[in-house]
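Here is the structure we will look at, set down as structure tokens.
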Amino acid sequence: MNEYELLDSGHGRKLERFGKITLDRPCAQAVWNPSQPDRWKQADAFFTRKQGLEWRGRDQLPNSWIAQVNGVRMKLSTTDFGHLGVFPETREMWDWIRQTLTTATRQRSEPLHFLNLFAYSGGATLAAAQGGAHCCHVDASKGMVQWARENAELNGLKEHPIRWIVDDVNKFLTREIKRGRRYDAILLDPPSFGRGKGGELYKIEHALLETLQLVKKVLSQQPCFLYLTSHTPGFTPIVLKNLIQQLLDQGQLDSGEMLLTGAGSAFPVPSGTWARWQA
Ligand SMILES: C[S@@+](CC[C@H](N)C(=O)[O-])C[C@H]1O[C@@H](n2cnc3c(N)ncnc32)[C@H](O)[C@@H]1O
3 MNEYELLDSG HGRKLERFGK ITLDRPCAQA VWNPSQPDRW KQADAFFTRK
53 QGLEWRGRDQ LPNSWIAQVN GVRMKLSTTD FGHLGVFPET REMWDWIRQT
103 LTTATRQRSE PLHFLNLFAY SGGATLAAAQ GGAHCCHVDA SKGMVQWARE
153 NAELNGLKEH PIRWIVDDVN KFLTREIKRG RRYDAILLDP PSFGRGKGGE
203 LYKIEHALLE TLQLVKKVLS QQPCFLYLTS HTPGFTPIVL KNLIQQLLDQ
253 GQLDSGEMLL TGAGSAFPVP SGTWARWQA
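Note that our numbering has the sequence shown beginning at 3, numbered continuously upward.
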């Protein structure tokens, strides 16, 4: 079931429905005209970055609410940065991860081990858990890991084998290599700019190569997939593909744009890139 919908986009904005709440938020790539100008009146709240960060109509919204996004129930809440606790452009990837892990688990007749790095509120972790994988969820933000745990509970996955780790990704990976822990399927969504648990600066252009080298060392002997996504300008599908190609040989390598998609006449909105390797 899916309660997310991109209703329209244009004039640098997007109109989206998250369950019973409709929001109008900035979207720099939507340089075209809106297809349905009348629809925008439906918005319950409006976010702008024009003169500092500002929500209008936020006081009319509940503090938090729940929407099912491609089979995963997510707690949503408006943050001061205009985020909600979900990036809906990743939802088709969640379906792919769930399906791929379900099939692989059946073929191997044992659970696969899935590692989610920069894992945020856990949509992909929970889709992997639904696919039967044992999961490890890593994010430097204690608050985000807590949010992801609440999402696990909402999906009846509180007792599922998921390790919840608050740590800097590169430090965590270095420790996992020493501990001899290995993973069959790995997803990483590095931010353009981030901070580790101890305030370590993560700048994608300097840190990603090291992250990928470490990721290679925690891949199991029988890997299923490696999925790399990015929201950083300039990190096109080919850039991500080149990075993985240098890391892993053989296997199948695909890449593309992540899209926000909607119903009817809504244009798909490019919202990031992905590349994935499969054994
Ligand atoms: C762009 S979000 C990831 C979005 C998420 N993968 C999704 O699709 O829902 C980036 C996340 O990386 C985390 N982060 C940033 N720098 C980090 C670091 N050095 N180590 C671990 N996590 C980090 C942030 O706390 C944030 O939750």
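A virtual CB, placed ideally from N, CA and C, is assigned to each residue, including glycine.
Confirm the yes/no value for this check: CB of residue i, any heavy atom of ligand 1, distance under 7 Å.
{"i": "D285", "result": "Lying outside 3 to 281, the shown extent of the chain, residue 285 is not represented and no answer is given."}
{"i": "R197", "result": "yes"}
{"i": "A121", "result": "yes"}
{"i": "D82", "result": "no"}
{"i": "M76", "result": "no"}
{"i": "T92", "result": "yes"}
{"i": "M161", "result": "In the sequence under discussion, the amino acid at residue 161 is Glu, which differs from the Met named in the question. E161 Cβ: outside cutoff for every heavy atom of ligand 1."}
{"i": "P193", "result": "yes"}
{"i": "G125", "result": "yes"}
{"i": "A187", "result": "no"}
{"i": "M260", "result": "no"}
{"i": "E202", "result": "yes"}
{"i": "A135", "result": "no"}
{"i": "M146", "result": "yes"}
{"i": "V71", "result": "no"}
{"i": "D141", "result": "yes"}
{"i": "H208", "result": "no"}
{"i": "F89", "result": "yes"}
Please report the residue range of the beta strand (DSSP E) in which residue i lies.
{"i": "D40", "result": "That residue, D40, is in no beta strand (DSSP E); it is neither H nor E in DSSP."}
{"i": "W279", "result": "V271 to Q280"}
{"i": "T50", "result": "A47 to T50"}
{"i": "T231", "result": "F227 to S232"}
{"i": "A69", "result": "W67 to V71"}
{"i": "F286", "result": "Any answer about residue 286 is impossible in this case: the structure gives the chain only from 3 up to 281."}
{"i": "W34", "result": "Here W34 belongs to no beta strand (DSSP E), and DSSP marks it neither H nor E."}
{"i": "N118", "result": "H115 to L119"}
{"i": "Q252", "result": "Neither: Q252 is in no beta strand (DSSP E) and is coded neither H nor E."}
{"i": "E5", "result": "No beta strand (DSSP E) holds E5; DSSP gives it neither H nor E."}
{"i": "H139", "result": "H136 to D141"}
{"i": "R75", "result": "V74 to L78"}
{"i": "F20", "result": "R15 to F20"}
{"i": "R58", "result": "E56 to R58"}
Cβ of residue i within 8 Å of Cβ of residue j?
{"i": "A47", "j": "L63", "result": "yes"}
{"i": "I167", "j": "H136", "result": "no"}
{"i": "E5", "j": "A69", "result": "yes"}
{"i": "I240", "j": "L230", "result": "no"}
{"i": "L159", "j": "A131", "result": "yes"}
{"i": "G274", "j": "E56", "result": "no"}
{"i": "L249", "j": "L216", "result": "no"}
{"i": "W279", "j": "L242", "result": "no"}
{"i": "P272", "j": "L255", "result": "no"}
{"i": "S123", "j": "G87", "result": "yes"}
{"i": "D186", "j": "S222", "result": "yes"}
{"i": "L189", "j": "A126", "result": "yes"}
{"i": "A30", "j": "G12", "result": "no"}
{"i": "T104", "j": "G59", "result": "no"}
{"i": "D170", "j": "E207", "result": "no"}
{"i": "W42", "j": "D82", "result": "no"}
{"i": "D141", "j": "F120", "result": "yes"}
{"i": "W67", "j": "F269", "result": "no"}
Over what stretch of residues does the alpha helix (DSSP H) that includes residue i continue unbroken?
{"i": "A131", "result": "G125 to Q132"}
{"i": "K243", "result": "P239 to L249"}
{"i": "T104", "result": "R93 to R110"}
Answer with yes or no whether the minimum CB distance from residue i to chain C is below 8 Å.
{"i": "R15", "result": "Of the protein chains in this structure there is only one, and it is not chain C."}
Given the structure, does residue i come close to ligand 3, in the sense that its CB is under 7 Å from one of the ligand's heavy atoms?
{"i": "F116", "result": "Ligands in the displayed structure: ligand 1; ligand 3 is not one of them."}
Query raised in the report: Which ranges does the alpha helix (DSSP H) cover as unbroken runs of at least 4 residues, wholly within the stretch 155–224, from first to last along the chain?
Result: Unbroken alpha helix (DSSP H) stretches of 4 residues or longer found wholly inside the stretch 155–224: 171–181 and 206–220, given in chain order.
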